[in-house]
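Shown next, in structure tokens, is the structure this report addresses.
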Amino acid sequence: MAPLGRKMELLSMAEQEKDKKALYKDTLALPRTDFPMKASLVRTEPQVLARWNEMRLYQRMRKAREGKKKFVLHDGPPYANGHVHLGTALNKILKDFIVRSRFMAGFDAPYVPGWDCHGMPIEHQITKALGEGLAATPSVEIRRQCREYADKFVSVQRGEFIRLGVVGDWERPYLTMSHQYEAAILGALLDLVKAGYIYKGLRPIHWCATCRTALAEAEVEYGDHESHSIYVKFPVRPGDKRWGALGLGDLRNPHFMIWTTTPWTIPANLAIAVHPDLEYQLVEAGENTYVLLSDLVPDVLKAIGMPGEVKASRKGRELEGVVCRHPMYDRDSVVILAEYVTVDTGTGCVHTAPGFGADDFESGRKYGLDIYTPVDEAGRFTADVPRYAGANVFDANDPIAEELRASGALLARGRIMHSYPHCWRCKNPLIFRATEQWFQRIDHEGLRERLLSEIDGVKWIPPWGKDRIRNMVLTRPDWCLSRQRYWGVPIPAVYCAKCGEATLDARVVERAMKATAARGADVWFTDAIGTFLPDGFACAKCGGAEFKKEEDILDVWFDSSVSQRAVLEEDPKKDLTWPCDMYLEATDQHRGWFQVSLITAAATRGAAPYRAVLTHGLILDEKAKKMSKSLGNVIAPEKVIETYGADILRLLFASVDYTADIRFTKDMIGPLAESYRKVRNTIRYMLGNLHDFDAGKDAVPVESLLELDRFALSNFNMKARRIIKAYDAYEFFAVYHSFVELCAVDLSAFYFDVLKDRLYTARRNGPARRSAQTVLDHMLRTLLRLVAPILPFSAEEAWGYVPGAREESVHLTAFPSAEALAVDQSLLDEWRRVLAVRDEVLKPLEGLRKEKKIGQSLEATWGFAADGDISGFIDEVGRRGIWPEVTVTSGWMGRVSEPAPDALRHRSEAVEGLTIFVKRAPGAKCPRCWKYDEKIGNNAAHTDICPTCAEAIADKA
RNA sequence: GGACGGAUGGUGUAACGGUAGCACCGCGGGCUUAUACCCCGUCGCGCCAGAUCGGCGCCGUGCGCGGGUUCGAAUCCCGCUCCGUCCUCCA
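Given below as structure tokens:
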């Protein structure tokens, strides 16, 4: 241990050193800025929002591009129910990236957001709240409450979208429940009616006999239910030609055997379905022969308690067209083919009642069978059904089974527990029932082909979107437009009071439309039917003059399909265009909004309403499961915003490939916030070093820039171009990655690091420092603009600190033009080699550090030995005085023939024939610039600093 | 079941059919003139060596699996697995 006195002496020397340092520190141009390193986005973002609101940013942006080429992104309306979730946030943020970046690319990019207001989820909420009172509540009152509910969430969501930084016309969004919009819906319907697209047809739906209403899938609860289980035989009609052709004439008493859990549907049986590709066996049991699916023969024989003998077998396909006799009535039941026949339950011969089952209905359609639905609203058999007319269908199960047994048609009977649909409200079991609905034809006037050719003309991003929607359109059935609901736009059809004939008349629709334009769609419910009927209106079928109003409303998809008309076409300010430039929604909208909009537009306007369609994936949780409220795995955007800020969420959405589904996990946010900090500090560093720079006065012309600066500028411009190109292609993840890499690698790790010495120690207003500042100023202003669409809050905040003249908001500026981003390719090529050499120098410097011979690189110097091209190159670059700056060393020894004994040698692998020698730099450390110099003290005025520093402060101190 | 996607290190994202790269995280070191910042190294696991360059073992080796085409495939082809969307009156 050193004696005490010695220690004190050391201390005092250290302090002296410190004083000296402090003295010269004042002569340095260290970075200075008030732009905080710590973002505090949670606090600052609302302040930025307030400023935008005050300056009316959106309106200013529009004004700034008045008369410029438009880019119209048409907003797909989110549903006005509940709070914004991550998926909606992703959608709106991507839209905002586009609106802002198209604006900055020079387009006039209006954005009118909207909401989908009608529909089930809201009605569901309201009717649930009404409970028992629902039946006594007039429909207009239910609709009023729905409207109120929608209104509430429109304002909730509007606030949330604004908080995300989404810029747009929030003062006049469109609502599908506005009078104007509702009238536009009827306007579209009117066009379709006139053109002959609309017809009335049948469709099977879930029906609650107790509530006497149709149910949506969301209102259906699946729960255990004990059903009957019966096996019933259907005799093949004697002398049936198809059967005869099978060559099975010697089999006695051929029957098809079916199994069902709903005996009450037997009266409506019209067919028996078999699988075309499966094998069926003809099994003799007792007096009869039964057609059974081979795989199920043992099970069935066991169920009916009879031994059997296989006599023959046939493919299901061969059985098509065989005619059987109905076991209860003198009627046929024909054998048909269906893919949905399964091999795990029943007999492989499926009882088919087209009026009472989904699959049955489709099969019935396909085979042209009657959609026979002899059951009324209350679930009672109609007069059409002998012996059971008026009976509740569930009550009829036993008597029907009994009748079948009595006639010998019943082979076995039991009970079965299985999952069965129930009514969400009254909890009673549901029936499936075909009902009359309004449809839009898809094959009318060649519409389907026109849809397909329109699809070809649209740009789909990503490209496979085209195949997806194409295949959907290719096979989609007619569009069922009616819904047995309250909350929507009514279908202004009328029913003849006398004969029940339904009529959808253009004149009536037109009257309804006009009244709706003035007072909203409620008019259909409030006004007398007579006000909608033209003079002398009579039933086309029976001539009756008394009518009842249709109570069904339009599918809400029809509402949103009309937005291209209601919003784009009827825009009162003429900001928007038809068609628009882009629709942007999640991939599920290929079936949804993209498709319905296309159908309505093509049918009523003859073309697609969009030029391009961009789709994104859905948000998944960490286990790659879809985020949904029912799974309880949702992360609310607010959570992210409250903790990190909207810019972080936006950055995250920018960083991922949105074309695929996006897995969203908490641990994604940490690294993201880190990238953000990197970018923020890069910006802060530039701000700090421009505190005394005014481009107007101090900028250096490009040709006079130092070579390093010219290289950095060129390199920067090249990447800036790449980023702008990525914006043009809507590849925000490419923007993000290029941007972060540019900040971290090109700027922070190289240019800024190397530049420090010059910025801090060179003469404040000397050409060397001004040269660097000129480039920094260009970089800063460009960088902020490039990042503005993705980080609008931070970019704006930083913009406020940029010294010198600037626009009021970064969001009122444009991306730099190509000319402003000049690239000197030969310089870049040359510097690629410079940087390669630099990397080779850095390696042995690290070795010196490890040996504790140096701390900072400035404590070292280096030389080289080389042969070939590289040798001349390094010499040549050295003559321009570039090496010490680029490697941050004190001086440069040049070519070394005999390395000093204390030098560290590094033979390069990357650059052939190159060896680098590094060693501690000679001389003393200049307390001002920290470089080592042998000439310290040569200057009389400043005996303790190096000549360069003495020069730098000559006119100052 | 059908249509359409997705599957690269802890995370995100790249690579004309020819060395698996970049950023972030983590870990180690340096700087204190970007002062909770910045720089460098490392980053499948383990071991050895040492002025420096490094060496060895094991597993991975394209991280969904298995085949094929090719001198050579992450990249092209085929089959399968898992996940997602749609086919459903949720929007």
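By the count of the numbering used here, the first sequence reaches residue 2391 at its end, each step adding exactly one.
Where is the CB? At the ideal position from N, CA and C, for every residue including glycine.
What you are looking at is a predicted structure, and each value in this text was computed from that prediction instead of being measured.
Cα-Cα separation between residue i and residue j, rounded to whole angstroms
i     : j     : result
P1855 : S1663 : 17 Å
A2388 : D1603 : 58 Å
R1637 : L1988 : 15 Å
D1468 : L2276 : 34 Å
L1444 : I2288 : Summary for L1444: the model assigns pLDDT 45, below 50, so the residue's position carries little reliability; its value from the coordinates is reported in the next sentence. Approximately 21 Å, taken between the alpha carbons.
G2371 : L2261 : 38 Å
P1480 : P2223 : 17 Å
L1938 : E1796 : 26 Å
V1907 : Q1493 : 39 Å
C1933 : L1620 : 26 Å
V1942 : C1930 : 14 Å
I2082 : L2218 : 16 Å
A1868 : T1807 : 6 Å
I1889 : I1903 : 8 Å
T2247 : F2227 : 15 Å
F2166 : R2111 : 19 Å
V2320 : E2280 : 16 Å
W1693 : Y1774 : 15 Å
R2114 : L2189 : 18 Å
R2339 : E2346 : 15 Å
T1571 : Y1920 : 11 Å
D1961 : R1592 : 34 Å
G2040 : E1836 : 59 Å
M1489 : L2124 : 27 Å
D2336 : W2296 : 12 Å
R1748 : P1761 : 24 Å
P1863 : A1772 : 27 Å
R1536 : S1612 : 29 Å
Beta-carbon spacing of residue i, residue j below 7 Å
i     : j     : result
G1798 : A1702 : no
S1573 : F1992 : no
V2047 : Y2017 : yes
A2154 : G2238 : no
A2178 : L2193 : no
L1564 : K1529 : no
L1598 : A2080 : yes
G2328 : G2312 : yes
I1639 : A1629 : no
Residue range of the unbroken alpha helix (DSSP H) whose run includes residue i
i     : result
H2050 : Run containing H2050: none in the alpha helix (DSSP H); it sits in the beta strand (DSSP E), 2044-2050.
I1632 : Not the alpha helix (DSSP H): I1632 falls in the beta strand (DSSP E), residues 1632-1642.
C2383 : 2381-2386
When the options are compared against residue i, the one with the closest alpha-carbon
i     : options                    : result
Y1608 : A2254, D2162, G2357, D2005 : D2005
L1753 : D1969, R2144, D1674, L2217 : D1674
T2323 : R2025, L2282, R2341        : L2282
K2221 : I2117, M1947, L1649        : Residue 2221 is actually Val in this sequence, not Lys. Out of I2117, M1947, L1649, I2117 has the C-alpha closest to the C-alpha of V2221.
A1539 : A2160, L1712, A1463        : A2160
F2007 : R1477, A1952, R1496, T1461 : Residue identity check: residue 2007 is Lys in the sequence provided, not Phe. The residue with the shortest Cα to Cα distance from K2007 is R1496.
C1758 : Y1822, W1677, K1800, D1684 : W1677
F1505 : P1544, P1512, L1524, K1472 : P1544
P1547 : T1786, A1955, L2010        : L2010
Residues bridged to residue i (per DSSP)
i     : result
G1521 : Answer is none; G1521 lacks a bridge partner.
A2299 : T2349
L1716 : V1725, A1746
Y2017 : H1508, V2047
L1988 : S1916
C1930 : F1981
H2340 : I2350
Q1871 : G1635
N1826 : R1814
Opening and closing residue of the beta strand (DSSP E) in which residue i lies
i     : result
P1669 : 1654-1669
L1845 : 1844-1857
M1471 : Segment: none, M1471 is in no beta strand (DSSP E) and carries neither H nor E.
T2116 : T2116 -> not in any beta strand (DSSP E); alpha helix (DSSP H) instead, spanning 2100-2123.
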